[in-house]
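Below: one structure, written as structure tokens.
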Amino acid sequence: MSAEIEALINQKLDELLPQKLDALLQERAESKTPKMTIICTKGTLDWGYPPFILASTAAALGWDVTLFFTFYGLQLVKKDISDLKVSPLGNPGMPMKMPFGPDWFKSINWNIPNVVQGNIPGFEAMATSLMKQTIANNGVASLAELRELSQEAGVKFVVCQMTVELFGFDHADFIDGMDYVGAASFLPEAQTAEVNLFI
Amino acid sequence: MNFDKELDARGLNCPLPILRAKKALGEMTSGQTLRIIATDPGSVKDFAAFAKQTGNELLSSAENNKEFEFYIKRK
Chain A
1 MSAEIEALIN QKLDELLPQK LDALLQERAE SKTPKMTIIC TKGTLDWGYP PFILASTAAA
61 LGWDVTLFFT FYGLQLVKKD ISDLKVSPLG NPGMPMKMPF GPDWFKSINW NIPNVVQGNI
121 PGFEAMATSL MKQTIANNGV ASLAELRELS QEAGVKFVVC QMTVELFGFD HADFIDGMDY
181 VGAASFLPEA QTAEVNLFI
Chain B
200 MNFDKELDAR GLNCPLPILR AKKALGEMTS GQTLRIIATD PGSVKDFAAF AKQTGNELLS
260 SAENNKEFEF YIKRK
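Chains A and B are the protein sequences, given in the same order.
Residue numbers for the first sequence follow this note's numbering, so the first one is 1 and each next one is one higher.
Residue numbers for the second sequence follow this note's numbering, so the first one is 200 and each next one is one higher.
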């Protein structure tokens, strides 16, 4: 008799458990706050944008976000980031257009060969000031503004301590609210995130 | 359509309209409606996605004269 009941219970459980489990897993997936981590490795004006745009937007969507700054990405958490530059040198994908003048003039792509750019003193400074003007003309936020908005929205900033030492920086060079960590702290964060990016 | 608060996001580009809208909604109470005017063509899909993800209801989304108008009801 008890063997029969046991068999019956087992059969019933086999039927019910998968359904129950699916429902529970789905409920859990829906209630979990989405999470994103980004490894930020670039320290130029142009490449500073993607991490802060994605981080601030994800935070606005209600996600839990962690930015991990390492190598040249350390430039993005320095107190003053108004001196970040953009270089068309070695970047054939970057259009060189003028942010002022009549439309026909603005639409010209000044296709200057890299070898020439590299030999004109001040070319990078000129490209940087043209890029900043273009950014302002297009209603795009400044990098400092996006960084501030990210921080206000609760994005966590963590900094790779090894590269801070490698490049001879001091914690005082960086904005407040940073956590200084190593790879072993970052990876468990990334493990529980649905979105992990490397920029 | 009636609204309780208005956000002028004209001239602002991605992701500023969304960030400003999020901030404005945060200062409102549940059930109130926010009207947003934007000029960023990307904002049409972005506000739809924002509403879906955050649970705030997108009541309407319209275009006239290269301007985009959105009504979002706070969750």
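By construction, the Cβ of each residue, glycine as well, lies at the ideal position given by its N, Cα and C atoms.
Being a predicted model, the structure only gives us computed values, none of them experimental.
Residue-chain proximity (A:Ala-144, chain B), Cβ-Cβ < 8 Å: Here residue 144 of chain A corresponds to residue number 144 of the first sequence, with the count starting at 1. It does not: the Cβ of A:Ala-144 has no partner Cβ on chain B nearer than 8 Å.
C-alpha distance - A:Gly-182 paired with A:Val-159, whole-angstrom precision: As a working mapping, residue 182 of chain A is identified with position 182 in the first sequence. As a working mapping, residue 159 of chain A is identified with position 159 in the first sequence. Distance between the alpha carbons of A:Gly-182 and A:Val-159: 8 Å.
Any C-beta of chain B under 8 Å from that of A:Ile-53: The count along the first sequence starts at 1 and reaches residue 53 of chain A at position 53. So yes, A:Ile-53 belongs to the interface.
Beta carbon of B:Ile-273 nearer than 8 Å to that of B:Asn-255: Along the second sequence, one-based indexing puts residue 273 of chain B at 74. Along the second sequence, one-based indexing puts residue 255 of chain B at 56. Strictly speaking, residue 273 of chain B in this sequence is Arg, with Ile absent from that position. Yes. Within cutoff.
Among A:Ser-82, A:Ala-141, A:Thr-163, nearest to A:Ala-125 - alpha-carbon criterion: As a working note, residue 125 of chain A is residue 125 in the first sequence. Ranking A:Ser-82, A:Ala-141, A:Thr-163 by Cα distance to A:Ala-125 puts A:Ser-82 first.
A:Ser-150 vs A:Ala-59 beta-carbon contact at 8 Å: Counting from one through the first sequence, the residue named residue 150 of chain A turns up at place 150. Counting from one through the first sequence, the residue named residue 59 of chain A turns up at place 59. Contact: yes.
Beta-carbon spacing of B:Leu-211, B:Ala-223 below 8 Å: As a position in the second sequence, residue 211 of chain B is number 12, starting the count at 1. As a position in the second sequence, residue 223 of chain B is number 24, starting the count at 1. Contact flag unset, no.
Under 9 Å (Cβ pairs) to chain B, residues found in the region 53-67 of chain A: Ile-53, Leu-54, Ser-56, Thr-57, Ala-59, Ala-60, Leu-61, Gly-62, Trp-63
Inter-residue CB distance, B:Thr-253 and A:Gly-62 (contact presumed, cutoff 8 Å): Taking the second sequence and counting its residues from 1, one reaches residue 253 of chain B at position 54. Taking the first sequence and counting its residues from 1, one reaches residue 62 of chain A at position 62. Going by Cβ atoms, the distance from B:Thr-253 to A:Gly-62 rounds to 6 Å, so yes, they are a contact pair.
Contact list for B:Lys-221 against chain A, beta-carbon separation under 7 Å: Against the second sequence, residue 221 of chain B aligns to sequence position 22. Near B:Lys-221 (Cβ distances below 7 Å), the residues of chain A are Ala-60.
Those residues which DSSP pairs with B:Ser-260 across a bridge: The count along the second sequence starts at 1 and reaches residue 260 of chain B at position 61. DSSP, once it has assigned bridges, lists B:Phe-269 as partnering B:Ser-260.
Under 7 Å from the C-beta of B:Asn-212: neighbouring residues of chain A: Numbered from its first residue, the second sequence carries residue 212 of chain B at position 13. Residues of chain A passing the Cβ test: Asn-138, Gly-139, Val-140.
Assigned secondary structure, B:Glu-205 (DSSP; H/G/I helix, E/B strand, else coil): Mapped onto the second sequence, residue 205 of chain B falls at position 6. Here B:Glu-205 sits in strand by DSSP.
Alpha helix (DSSP H) segments (min. 4 residues) lying fully within the region 200-257 of chain B: 215-225, 242-253
A:Met-94, enclosing alpha helix (DSSP H) - first and last residue: Residue mapping note: residue 94 of chain A aligns to position 94 of the first sequence, counting from 1. Careful: A:Met-94 lies outside any alpha helix (DSSP H) and carries neither H nor E.
Chain-ordered chain B contacts of A:Gly-149 [CB-CB under 8 Å]: The residue given as residue 149 of chain A occupies position 149 in the first sequence. Checking the sequence shown, residue 149 of chain A turns out to be Leu, not Gly. By Cβ distance, chain B contributes Leu-218.
Contact under 8 Å by Cβ, B:Ile-217 with B:Phe-249: Position 18 of the second sequence, counted from the start, is the residue given in the question as residue 217 of chain B. Position 50 of the second sequence, counted from the start, is the residue given in the question as residue 249 of chain B. In this structure, B:Phe-249 lies closer than 8 Å to B:Ile-217 by Cβ.
Residue from B:Gly-225, B:Ile-236, B:Pro-214, B:Met-227 whose Cα sits closest to the Cα of A:Pro-50: In the first sequence, residue 50 of chain A corresponds to position 50, counting from 1. The residue with the shortest Cα to Cα distance from A:Pro-50 is B:Pro-214.
Residue from A:Lys-132, A:Lys-12, A:Thr-33, A:Asn-138 whose Cα sits closest to the Cα of A:Glu-194: Residue 194 of chain A sits at position 194 when you count from the first residue of the first sequence. Taking only the C-alpha atoms, the option nearest A:Glu-194 is A:Thr-33.
Collapsed DSSP secondary structure at A:Val-77 in the structure displayed: Here residue 77 of chain A corresponds to residue number 77 of the first sequence, with the count starting at 1. Correct three-state label for A:Val-77: helix.
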